[in-house]
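These notes concern the structure reproduced below.
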Amino acid sequence: MAENAPFRLPDDVRALLAKPNPATITTLRKDGAPVSVATWYLLDSSEEHGDRIHVNMDQGRKRLGHLRRDPRVALTVLDEAGWYTHVSLTGHVEEMADDPDLAGIDRLALHYTGSPYKRRDRGRVDAWIAIDKVHGWGRTSIAAGTPAGS
């Protein structure tokens, strides 16, 4: 793979991440302590960026402040059909943007619930996570600690 080529996940991992599976995201507090919370996510794929993860946060969430200060992040996605199969990735937020028309959170809500996001009175922020390392367990083809692009 060329040095600057966009990162692509194996097909079986992409299939797992394309489903509305339960997930947790971990950010780092100012003192370096990890904080994990449940989150919605979407696999976002493009020719320009390759495979990356899209998340969306309420503008008042502490994790947004954590990510603005330190963009390192971990995401673990559990296969809803059997949580023993999961994919964990580490990465970094490479892009953030306000979501004034709530299009980003609506995409996530439609993916998870089938309906647009109900709460329309709070500002939202989109973030895109570049994948640095991937670890799979169970029915995945990813070996532990696989660097992105391997």
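Numbering (my numbering), first residue to last: 22 to 171.
In this text, a Cβ means the ideal position worked out from N, Cα and C, and glycines have one as well.
Among the options, the one whose alpha carbon lies nearest that of residue i
i	options	result
Thr97	Arg29, Tyr138, Val34, Leu123	Val34
Leu37	Ala26, Asp142, Tyr62	Tyr62
Ala102	Pro31, Arg160, Asp32	Arg160
Val58	Arg90, Ile152, Pro43	Pro43
Thr45	Glu116, Trp104, Gly135	Trp104
Glu69	Arg89, Glu116, Pro31, Pro27	Pro27
Residue i versus residue j: straight-line alpha-carbon distance, rounded
i	j	result
Ser66	Ala54	31 Å
Met78	Arg145	6 Å
Ala23	Lys154	Low confidence applies to Ala23: its pLDDT is 47, below 50, so where it sits in the model is not reliable enough to give any reading.
His132	Pro41	6 Å
Tyr138	Ala39	19 Å
Ala118	Thr106	32 Å
Thr111	Arg141	31 Å
Thr134	Leu99	17 Å
Arg89	Ile152	17 Å
Sequence-distant residues of its chain with Cβ nearer than 8 Å to residue i (five each side left out)
i	result
Val56	Thr47, Thr48, Leu49, Arg50, Lys83, Arg84, His87
Arg143	Asp79, Gln80, Gly81
Chain-order list of residues whose beta-carbon lies under 7 Å from that of residue i (same chain, five-residue window excluded)
i	result
Pro92	His113, Val114
Leu129	Trp61, Leu63, Asn77
Arg29	Gly71, Asp72
Leu123	Tyr138, Arg141, Arg145
Supposed contact pair residue j and residue i - C-beta distance, whole angstroms, cut 8 Å
i	j	result
Ile74	Ile150	4 Å
Gly157	Val94	Gly157 to Val94, Cβ: 18 Å. No contact.
Chain-order list of residues whose beta-carbon lies under 6 Å from that of residue i (same chain, five-residue window excluded)
i	result
Asp147	Asn77, Ala118, Asp120, Gly125
Glu116	Trp149
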